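Colleague:
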Amino acid sequence: MSIIYIASDHGGFNLKTFLVQYLKDKGHDVHDLGPSDPASCDYPLKAQAVTDALLKDENALGVLVCGTGIGMSMAANRVPGIRAALCTTEFHASYARAHNNANVICLGERVTGQGLAASMVDVFLSTAFEGGRHLRRINLFNK
Ligand code: RB5
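Using my numbering, the first residue of the sequence shown is number 1, and each one after it goes up by one.
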């Protein structure tokens, strides 16, 4: 069971809504930080809601969805301590955790279908960071 903070903008609202139910059905502790409707909204503010929550809850992981995943990843990666990975394949999702210790997966609703998105999130949540030389490398990010 993972603790998950998830948010989207309007461009990612449908995929976010799908993933919230998918992850709840799997028994995860899902915190939906919005939006609650598909009205136009600004993705940096939604990214900030998730990154703020993650900085207070080190054991949690984040999911951010916009149209492409690009804006969410740019916004989230501006925050020290956040390692957000824009993923389009299960290979990305696996290595984002194993080698990069990513704590946020970013997805694009206009790019990625629901089935692949669900599989990527499953892989992201179930893959452990390998540490070792990879820890040395991620520790160099903020130097
Ligand atoms: C919204 O139209 C779109 O720009 C946004 O969802 C995202 O793709 C930005 O990176």
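The C-beta atom is built at its ideal place from N, Cα and C for all residues, glycine as well. Nothing here was measured: the structure is a model prediction, and the numbers come from that model.
To test your reading of the DSSP string, which unbroken alpha helix (DSSP H) runs of 4 or more residues are found completely within the stretch 26-92?
Modeller: Counting only runs of 4 or more, we get 43-56, 70-76.
Colleague: Return the Cβ separation of E109 and L15 in integer angstroms, given the expectation that the two are a contact with Cβ distance under 8 Å.
Modeller: As a first step, residue 109 is located in the sequence shown; it is residue number 109 there, counting from the start. As a first step, residue 15 is located in the sequence shown; it is residue number 15 there, counting from the start. With a Cβ gap of about 4 Å, E109 and L15 count as contacting.
Colleague: For the beta strand (DSSP E) containing A7, name the first residue and the last one.
Modeller: Residue 7 sits at position 7 when you count from the first residue of the sequence shown. Where A7 is concerned, the enclosing beta strand (DSSP E) stretches over 3-8.
Colleague: Does the Cβ-Cβ distance between R83 and I6 come in under 8 Å?
Modeller: To locate residue 83, count along the sequence shown from 1; it is residue 83. To locate residue 6, count along the sequence shown from 1; it is residue 6. Not closer than 8 Å, so no.
Colleague: In its own chain, which residues sit with a C-beta less than 8 Å from the C-beta of I3, not counting the 5 before and 5 after it?
Modeller: For this step, residue 3 is matched to residue 3 along the sequence shown. Hits under 8 Å: H28, D29, H31, D57, N59, A60, L61.
Colleague: Quick one: residues in its chain with C-beta nearer than 7 Å to the C-beta of F13, no 5 flanking neighbours on either side, listed in chain order?
Modeller: Start at 1 with the first residue of the sequence shown, and residue 13 comes out as number 13. Only P35, P38 meet the Cβ criterion.
Colleague: Taking only heavy atoms of the ligand RB5 into account, decide whether any of them is closer than 7 Å to the Cβ of I105.
Modeller: Locating residue 105 in the sequence shown gives position 105, where the first residue counts as 1. Not under cutoff, so the answer is no.
Colleague: In chain order, what residues of the same chain lie with their CB nearer than 7 Å to the CB of T112, ignoring the 5 residues before and after it?
Modeller: Mapped onto the sequence shown, residue 112 falls at position 112. Taken in chain order, the residues that qualify are T88.
Colleague: Below 8 Å, how does it come out for the stretch 116-135 and the stretch 93-107: are there three or more Cβ pairs, yes or no?
Modeller: Segments in contact, yes.
Colleague: With burial defined as no fewer than 16 other Cβ atoms inside 10 Å of the residue's Cβ, what is the status of G131: buried or exposed?
Modeller: Position 131 of the sequence shown, counted from the start, is the residue given in the question as residue 131. Burial call: exposed.
Colleague: Would G69 be called buried (16 or more neighbouring beta carbons within 10 Å of its own) or exposed?
Modeller: Taking the first residue of the sequence shown as position 1, residue 69 is located at position 69. With 16 or more other Cβ atoms within 10 Å, it is buried.
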